[in-house]
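A short write-up of the structure that comes next.
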Amino acid sequence: DVKVTQSSRYLVKRTGEKVFLECVQDMDHENMFWYRQDPGLGLRLIYFSYDVKMKEKGDIPEGYSVSREKKERFSLILESASTNQTSMYLCASRVQGSTEAFFGQGTRLTVV
Amino acid sequence: QKEVEQDPGPLSVPEGAIVSLNCTYSNSAFQYFMWYRQYSRKGPELLMYTYSSGNKEDGRFTAQVDKSSKYISLFIRDSQPSDSATYLCAMRAPQGGSEKLVFGKGMKLTVNP
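In order, the protein sequence lines correspond to chains A and B.
If you use my numbering, the first sequence corresponds to residues 1 to 112, in order.
If you use my numbering, the second sequence corresponds to residues 1001 to 1113, in order.
Here it is as structure tokens:
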């Protein structure tokens, strides 16, 4: 079974902190994605990566950066957390060109 | 106009009802059409997908795509309380085009015993 693991289920951080969200997949997938999910807004793409060291901005990249130094790991970085970044963050991975994306269980981040 | 539109509901039905979930889209390049199911406090999981137009059936679930109307549907027959979840449509262009999955907002469905 494909497994996408996010490092934390729940996280509480203070405004201005630098926050790291980690995602690891065990199926050698080329593509990895970070989404945030908010009520009434659905899933919005923050960043995605085609392969190691390759990244592209999604629809809402402002205030975020990413790192993909190894194929299995894709990190989302909040440079200076703000309250409007309180959200559910979902990581996903996929074989290049395939239809099915596999999601992690999500990290619910609260910025206070 | 957003690329993918989905009524977020919520929708509440009695057990055994037929459920119809729909999405419309504006990008004619979309060729792959997916339905994801998300249980509370979990990540989404792929339920079904179709390529281009037509129908696909899997047990109690049927996915339909009408490319001429830019409209996709998911039907659930004999709905069960275990079907209670949020259902998200998703779409993407063929390989060689954008690799991005574009999601609808998701429809929260509750099936009451």
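C-beta atoms are modelled at their ideal positions from N, C-alpha and C, and glycine is treated no differently.
Around residue 7 of chain A, the same chain offers 22 as residues with beta carbons nearer than 6 Å, after the five sequence neighbours per side are excluded. Nearest to residue 1064 of chain B by alpha-carbon distance, out of B:1012, B:1033, B:1004, B:1103, is B:1033. The bridge partners DSSP lists for residue 3 of chain A come to none. At least one CB atom of chain B sits nearer than 7 Å to the CB of residue 90 of chain A. Taking the beta carbon of residue 1070 of chain B as reference, no residue of chain A falls within 8 Å; the closest one sits roughly 18 Å away.
Residues of chain A whose Cβ lies closer than 9 Å to the Cβ of residue 1061 of chain B do not exist, since the nearest Cβ in that chain is about 16 Å away.
With its beta carbon less than 7 Å from one in chain A, residue 1046 of chain B belongs to the interface.
Residues of the stretch 1029 to 1043 of chain B with a Cβ closer than 7 Å to any Cβ of chain A, in chain order: 1032, 1034, 1042, 1043.
Note on geometry: alpha-carbon atoms of residue 1084 of chain B and residue 1037 of chain B lie some 9 Å from one another.
Closest in alpha carbon position to residue 34 of chain A, among A:14, A:64, A:110, is A:64. The way I'd put it, the stretch 1073 to 1092 of chain B does touch the stretch 1045 to 1061 of chain B; three or more beta-carbon pairs between them come closer than 8 Å. Residue 49 of chain A places its beta carbon 7 Å or farther from that of residue 57 of chain A.
In this structure, the straight-line span from the alpha carbon of residue 1041 of chain B to that of residue 104 of chain A is close to 11 Å. Within the stretch 20 to 42 of chain A, the residues whose Cβ lies closer than 7 Å to some Cβ of chain B are 31, 40, 41, 42, listed in chain order.
Within 7 Å of the CB of residue 1103 of chain B, the CB atoms of chain A belong to 42, 43, in sequence order along the chain. Residue 1018 of chain B counts as exposed, since fewer than 16 other C-beta atoms from the protein chains shown sit within 10 angstroms of its C-beta. As DSSP reads the structure, residue 25 of chain A sits in a beta bridge with A:4.
Taking a C-beta cut-off of 7 Å against chain B, the contacting residues of the stretch 80 to 106 of chain A are 90, 97, 99, 100, 101, 103, 104, 105, 106, listed in chain order.
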